[in-house]
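Visitor: Residue numbers (my numbering), protein chains in the order written: chain U, -12 to 926; chain R, 21 to 137.
A virtual CB, placed ideally from N, CA and C, is assigned to each residue, including glycine.
Bear in mind that the values here come from a model prediction, so they are computed numbers and not experimental data.
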Amino acid sequence: MLFLLLATPFIAALIVALAHRAPRRLIGWLAALAPLVGLALLLPFTGAVLDGEVPRAQLPWAEQVGLVLDVRLDGLAWLFALMVLTIGVLVVMYARYYLSSKDSAPRFFAYLLLFMGAMLGMVLAGNLLMLVVFWELTSISSFLLIGFWSYREDAREGARMALAITGGGGLALLAGVLMIGRVVGSYDLDVVLASGDLIRNSELYPYILTLVLLGIFTKSAQFPFHFWLPHAMAAPTPVSAYLHSATMVKAGVFLLARLYPILAGTDLFFYVVSSVGAITLLVGAWLAIFQHDLKGLLAYSTISHLGLITLLFGLSTPLAVVAGLFHIVNHATFKASLFMAAGIIDHETGTRDMRRLGNLRRYMPFTSALAIIAALAMAGVPLLNGFLSKEMFFAQALEIEGHATMRMVMTIAAVLASVFAVAYSLRFVHDTFFGKGPRALEDDPHEPPRWMKIPVEVLVVACLAVGIAPGLTIAPGLTAAASGVLGDALPEFSISLWHGFNLPLLMSFIGLAGGIALYFVLRRLFNIHAIVRESLGRRIFFFNVERLYVLANRFTRAIANGSVQRSLMLLVVVAIVLAAAPYVGNFALPPMPELTTLPLLGWIGWFVMVVGTIATLALYRQRLRAVIVIGAVGLMVSLTFVYLSAPDLALTQLLVEIVTVCLLLLALNYLPKESIPERSLLRRWRDIAIAVAAGAGVAGLAYAVMTRPSQTIAWELLQRSLPEAYGSNVVNVILVDFRGFDTWGEIVVFGIAGLIVHALLKRSRMAPEEKVEGPPVLLPMAADLSQVLFPLALTVSIYLFLRGHNAPGGGFIAGLVLVVPLLLQYIIQGMKSVERCLGFDYVRCIGLGWLIAALTGLIPILLGFPFLTSGHIEPHLPLLGEIPLSSAIGFDIGVYLAVFGGAMLILSTMGGIRPSLTRQTYRATITRPDPALFRGVRR
Amino acid sequence: MEFALASAIGVLVAAGVYLLLRARSFDVILGLTLLSYATNLLIFSAGRLVPGKPPVLRPGVEPTLANYVDPLPQALVLTAIVIAFAMTAVVVVLAMRGRADNRVDHVDGSESKERDR
Chain U
-12 MLFLLLATPF IAALIVALAH RAPRRLIGWL AALAPLVGLA LLLPFTGAVL DGEVPRAQLP
48 WAEQVGLVLD VRLDGLAWLF ALMVLTIGVL VVMYARYYLS SKDSAPRFFA YLLLFMGAML
108 GMVLAGNLLM LVVFWELTSI SSFLLIGFWS YREDAREGAR MALAITGGGG LALLAGVLMI
168 GRVVGSYDLD VVLASGDLIR NSELYPYILT LVLLGIFTKS AQFPFHFWLP HAMAAPTPVS
228 AYLHSATMVK AGVFLLARLY PILAGTDLFF YVVSSVGAIT LLVGAWLAIF QHDLKGLLAY
288 STISHLGLIT LLFGLSTPLA VVAGLFHIVN HATFKASLFM AAGIIDHETG TRDMRRLGNL
348 RRYMPFTSAL AIIAALAMAG VPLLNGFLSK EMFFAQALEI EGHATMRMVM TIAAVLASVF
408 AVAYSLRFVH DTFFGKGPRA LEDDPHEPPR WMKIPVEVLV VACLAVGIAP GLTIAPGLTA
468 AASGVLGDAL PEFSISLWHG FNLPLLMSFI GLAGGIALYF VLRRLFNIHA IVRESLGRRI
528 FFFNVERLYV LANRFTRAIA NGSVQRSLML LVVVAIVLAA APYVGNFALP PMPELTTLPL
588 LGWIGWFVMV VGTIATLALY RQRLRAVIVI GAVGLMVSLT FVYLSAPDLA LTQLLVEIVT
648 VCLLLLALNY LPKESIPERS LLRRWRDIAI AVAAGAGVAG LAYAVMTRPS QTIAWELLQR
708 SLPEAYGSNV VNVILVDFRG FDTWGEIVVF GIAGLIVHAL LKRSRMAPEE KVEGPPVLLP
768 MAADLSQVLF PLALTVSIYL FLRGHNAPGG GFIAGLVLVV PLLLQYIIQG MKSVERCLGF
828 DYVRCIGLGW LIAALTGLIP ILLGFPFLTS GHIEPHLPLL GEIPLSSAIG FDIGVYLAVF
888 GGAMLILSTM GGIRPSLTRQ TYRATITRPD PALFRGVRR
Chain R
21 MEFALASAIG VLVAAGVYLL LRARSFDVIL GLTLLSYATN LLIFSAGRLV PGKPPVLRPG
81 VEPTLANYVD PLPQALVLTA IVIAFAMTAV VVVLAMRGRA DNRVDHVDGS ESKERDR
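Here it is in structure tokens:
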């Protein structure tokens, strides 16, 4: 049930994203269904949570690192989940009418639901690592939402900035959480929350606190990281209403509440958190007064309110925590409704600039009334919810114990902030709904569609209900949430409208009067409309980003200047240096080991290999000869495998050698026949030195490996091969069974290489180096012969494949065996005729191979065994007798098809390149060879 | 025997590295081919050199290392050989496209970057 709650938004996001052809109305409903279902799943738990129970569900995820999918619903999680889902419903409803017909609704709702899921996952996490995972997911999904109008420069910039700041904070948080895990020894939230003393007394505490706070402050837009939030206002307004009032920015303060039991209680926490909160509170509120954009004003006001919440948690008293939680809920309600109202105004008038707005109460009286009420809540006017939490804040500021200076400072800050808050709320109301205007609008604004107003109405009613009767509405939920944070230390508290004439009430009145005075004084003294501020944070941010780019570019240029030759050289040199470093001053020759002797035939093979290699080196500029000589070297490698008990390798090497030579010859058709001699002698000697060093090093390494006693797990592979994988060719058993997953990866790589070749050559046109005039030359070989050869090769291939599990052979070898005769067909009969004959699509062949291999791997999972477990039957067939069949043969069929398809795809595409349209050849046209050479050949 | 194989590997690496450092794409491909031979032999040699004991189980012979060679490096090398072919193909095609699009077969994409020529 809890997992379903968490999964609902993600499932809905997928459905909405896939249903992009559905009508917009349906998509809106589908999207709204997710939070509604979520609420239906959440509400049955209400009773239990309010009684102090903690419903929980766990699933292993990556247990090796301590990551568990752990859904834990305590009071705090419940309150936040409720908020996320309820406001989610309203925002979806609102967005349905807000989005214009040009915006892609499925994309928007899919992102929004993704974000909702991420947020739910974060608040419900019962494991710190899981919390971090979903935390990052909120950063990423909010990036997508802020940049939703990706054609707009400011949207892209805002999205990048938000991602850089919150993502960077996320990394700090991850580090902090890992440290917590190190101190506590577990990421389980119950265990962690119970180890408060352990963490506070640990040496790592200052680092943990700093890192976690960095995460929190960046996410919740605290000073000096606050500047991303105003730029995130480039997002569509429903996004701002959701992310930047109720959810995303609340993630930071949520985490502050979540980790409050383990982080709070020290002077460091008290001073850092409360002073950062206080600065943010004041800076945000002051700057909010001077915004001209409705959403900009709301953004700075949000920053200020987040500062207030942070400050409350920083005060570290139980009642302050209750006030902080209370204000989180209150702020979410009034700010979401204000954002929605701003969106409506934007929607109806086409502008959000307060310098052009005014007098809107004449045009849209109902919306105006709603927005005014919400703005009054923001200002903290009595009878509204904002008033109550602000009063609690004043009371707490006055009650700071033990830090007399802090009490003074905080009290003054509280009153000042209250003055500013009243001033900017007044500006919001006065500039928009009263006075003269609106100016320069295209058409007369009027009330929005009914469904766009309903969410605002619901939220404003909530503001009023909480403000008038807090005991009946919010108190039980708040108690549950606070006990989720404070546990048994929960104090007795009562939220009510009237506490008698006391100091907080007086402060409220000072704030109200001061704010009104400030606004009108500012209006009178300055032309408030003329003040244009540029965000300093943005300038610093971009200055730093620019510097980072410059640094990165310089670094890149220093190590890679675009020359592959140079990079390769550096690569080899670095490898040599790194490999040699451990031996410096530490080199001892091992005692002379007993060597095995090599028979004369072996030395002949060695001689051919070495001479072949040197000949390749000598002839490399005459490319055709070099290819032939290198083939001889490959052949010797293959013979080495034969001699040293590796029949499978020998076969593979032989076949690969054939196809590689074909490949190189095909390539030579389009590359120069000779290399230009290099003039720089110095460079050649340098390269010779590097090459000799590398060769000597690797030779020494090989020698050292071979002369040491071997420590291997091979005995186990040998012993388990027959009883567990039912095969006696152990190499093949390793490939298709013991390490089948690796092999699966390898055939995927092989297939991808084939597809790359296909993609690079399919549409390209190239001029060959040289061109033979006239029709293709007849080859001195009967075409019929190849016709006979092919079925024969097919038989051999299938034979090798079938016996592969028990004798040398198998999918890799059989696939390559089939390639060689087919290649011959291509050469003799020509590409078109072969492909007409066979009608084969190699791309599909690769895909089919992958599919078969994956399916045979997956079937055991369905039966409850690990991936790629072998089954075994021995059917008794007439005539053939008992045939041992292992299920790994299915996997090997996949390998067979993928290797065959990949190799053929590579060779056939390379052979079938279309001629260039612009030029015939690079070099010359060679005259046709004398037909007499091929006399006696019939076609 | 160990000495012979080690020295052969050394020669292959030296030749491979020298060709790898050349300026022309095809020469680099030849170098890579030689290097892949050397690497495969090196990995293979980690299973030690044992003639005449292929890791194919025979009935009646106990499956121990006394009777069979280590099969694991062989399995690793087998896929390495096939993948090496695929990678060679990709590099070859890159070289061809580079030649067709840049009009030169220099690995840097143009002659100008080669300073000491």
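According to DSSP, simplified to helix, strand and coil, what is Pro248/U?
Guide: Correct three-state label for Pro248/U: helix.
Visitor: With DSSP collapsed to three states, give me the class of Asp175/U.
Guide: Asp175/U falls in the strand class under three-state DSSP.
Visitor: Is it true that the CB of Val78/U sits closer than 8 Å to the CB of Pro225/U?
Guide: Result yes, Cβ atoms of Pro225/U and Val78/U sit closer than 8 Å.
Visitor: Could you have a look at Glu388/U and say whether DSSP puts it in helix, strand or coil?
Guide: Coil.
Visitor: For chain U, is any of its Cβ atoms less than 8 Å away from the one on Leu52/R?
Guide: So no, Leu52/R is outside the interface.
Visitor: Quick one: using the 10 Å Cβ neighbour count with 16 as the cut-off for buried, is Ser130/R buried or exposed?
Guide: By the neighbour-count rule (16 or more Cβ atoms within 10 Å), Ser130/R is not buried but exposed.
Visitor: For a test of the three-state rule: what should DSSP assign to Asn122/R, helix, strand or coil?
Guide: The answer is helix: DSSP assigns Asn122/R an H, G or I state.
Visitor: Cα separation between Tyr98/U and Gln609/U?
Guide: Each residue's Cα considered, the two are about 59 Å apart.
Visitor: Determine the chain U residues that contact Ala72/R at a beta-carbon separation under 8 Å, and present them in chain order.
Guide: The sequence shown places Gly at residue 72/R, rather than the Ala named in the question. Here the neighbours are Ser632.
Visitor: Counting along the chain, where does the beta strand (DSSP E) carrying Val942/U start and finish?
Guide: Only positions -12 to 926 of chain U appear in the structure, and residue 942/U is not among them; the question remains open.
Visitor: Would DSSP call Thr(-5)/U helix, strand or coil?
Guide: The answer is helix: DSSP assigns Thr(-5)/U an H, G or I state.
Visitor: Just to confirm my understanding: we take Leu77/R, look at its own chain, exclude 5 residues before and 5 after, and list those with CB closer than 6 Å. What are they?
Guide: Cβ neighbours of Leu77/R beyond the five flanking positions: Pro83.
Visitor: Three Cβ pairs or more, each shorter than 8 Å: is that satisfied between the stretch 459 to 467 of chain U and the stretch 290 to 297 of chain U?
Guide: Contact between the stretch 459 to 467 of chain U and the stretch 290 to 297 of chain U is absent, because fewer than three Cβ pairs lie under 8 Å.
Visitor: Leaving aside the five residues before and after Ile63/R along the sequence, list all residues of the same chain whose C-beta is less than 8 Å from its C-beta, in chain order.
Guide: Excluding positions up to five away in sequence, the list reads Pro93, Leu96, Val97 and Ala100.
Visitor: Taking Phe530/U as the query, report the chain R residues whose CB atoms sit under 9 Å from its CB, ordered along the chain.
Guide: Within chain R, no residue comes near Phe530/U; the closest Cβ sits about 33 Å away, beyond 9 Å.
Visitor: Looking at Leu1011/U: is its Cβ nearer than 8 Å to the Cβ of Ala0/U?
Guide: For chain U, the structure presents residues -12 to 926; residue 1011/U sits outside this window and is missing.
Visitor: Tyr247/U and Phe204/U - do their beta-carbons sit closer together than 8 Å?
Guide: In this structure, Tyr247/U does not lie closer than 8 Å to Phe204/U by Cβ.
Visitor: Would you please state the rounded distance, in angstroms, between the beta carbons of Ala24/R and Leu588/U? I believe it to be under 8 Å.
Guide: Their Cβ separation, rounded to whole angstroms, is 12 Å, which puts Ala24/R and Leu588/U out of contact at 8 Å.
Visitor: At a Cβ threshold of 8 Å, is Gly30/R touching chain U?
Guide: At least one chain U Cβ lies under 8 Å of Gly30/R.
Visitor: Going by C-alpha to C-alpha distance, which of Ala319/U, Ser470/U and Ala456/U sits closest to Leu484/U?
Guide: Out of Ala319/U, Ser470/U and Ala456/U, Ala456/U has the C-alpha closest to the C-alpha of Leu484/U.
Visitor: Using a beta-carbon distance cut-off of less than 8 Å, what residues from the stretch 93 to 123 of chain R approach chain U?
Guide: Cβ contacts with chain U: Gln94, Ala95, Val97, Leu98, Thr99, Ile101, Val102, Ile103, Ala104, Phe105, Ala106, Met107, Thr108, Ala109, Val110, Val112, Val113, Leu114, Ala115, Met116, Arg117, Arg119 and Ala120.
Visitor: Specify the secondary structure class of Trp48/U as computed by DSSP and reduced to three states.
Guide: Correct three-state label for Trp48/U: strand.
Visitor: Using Cβ-Cβ distances below 8 Å, what residues of the stretch 10 to 30 of chain U are close to chain R?
Guide: From the stretch 10 to 30 of chain U, no residue has a Cβ closer than 8 Å to chain R.
Visitor: So does the stretch 170 to 185 of chain U actually touch the stretch 110 to 119 of chain U, counting three or more Cβ pairs closer than 8 Å?
Guide: With a cut-off of 8 Å, the stretch 110 to 119 of chain U and the stretch 170 to 185 of chain U count as touching, because enough Cβ pairs lie within range.
Visitor: Quick check on this structure: which residue in Val775/U, Pro352/U and Gly881/U has the alpha carbon closest to the alpha carbon of Leu809/U?
Guide: Of Val775/U, Pro352/U and Gly881/U, the residue nearest in Cα terms is Val775/U.
Visitor: Report whether the distance from the Cβ of Asn122/R to the nearest heavy atom of the ligand GDP is below 7 Å.
Guide: As presented, the structure is devoid of all ligands, the ligand GDP included, so that no description of it is given.
Visitor: Along the chain, where does the beta strand (DSSP E) containing Asp57/U start, and where does it finish?
Guide: Note, Asp57/U: beta strand (DSSP E), Leu54 to Arg59.
Visitor: Can you list, in chain order, the residues of its chain with a C-beta nearer than 7 Å to that of Ala362/U? Leave out the 5 residues immediately preceding and following it.
Guide: The answer, listed in chain order, is Leu325, Ser412, Phe415 and Val416.
Visitor: Just mark Glu429/U as buried or exposed, buried being the case when its beta carbon has 16 or more other beta carbons within 10 Å.
Guide: Looking at its Cβ environment, which holds fewer than 16 other Cβ atoms inside 10 Å, Glu429/U is exposed.
Visitor: Touching or not, the stretch 464 to 478 of chain U and the stretch 328 to 347 of chain U, by the rule of three or more beta carbon pairs under 8 Å?
Guide: At 8 Å Cβ cutoff, the stretches do not touch.
Visitor: Considering only C-alpha positions, which residue in the set Gln51/U, Val76/U and Glu40/U is nearest to Leu17/U?
Guide: When each option's Cα is compared against that of Leu17/U, the closest is Val76/U.
Visitor: Return the CA-CA distance between Met579/U and Ile591/U, expressed in angstroms with no decimal places.
Guide: Each residue's Cα considered, the two are about 25 Å apart.
Visitor: When the Cα of His745/U is compared with those of Leu892/U, Ser126/U and Ala467/U, which residue comes out closest?
Guide: Minimum Cα distance to His745/U is reached at Leu892/U.
Visitor: Taking 8 Å as the cut-off, does the stretch 376 to 385 of chain U touch the stretch 298 to 314 of chain U (at least 3 CB pairs, one atom from each stretch)?
Guide: The stretch 298 to 314 of chain U, when compared against the stretch 376 to 385 of chain U, does touch it at the 8 Å Cβ threshold.
Visitor: Please classify Ala35/R: does DSSP put it in a helix, a strand, or coil?
Guide: Helix.
Visitor: Pick out whichever of Leu811/U, Val36/U and Phe256/U has its Cα sitting closest to the Cα of Ile195/U.
Guide: The shortest Cα separation from Ile195/U among Leu811/U, Val36/U and Phe256/U belongs to Phe256/U.
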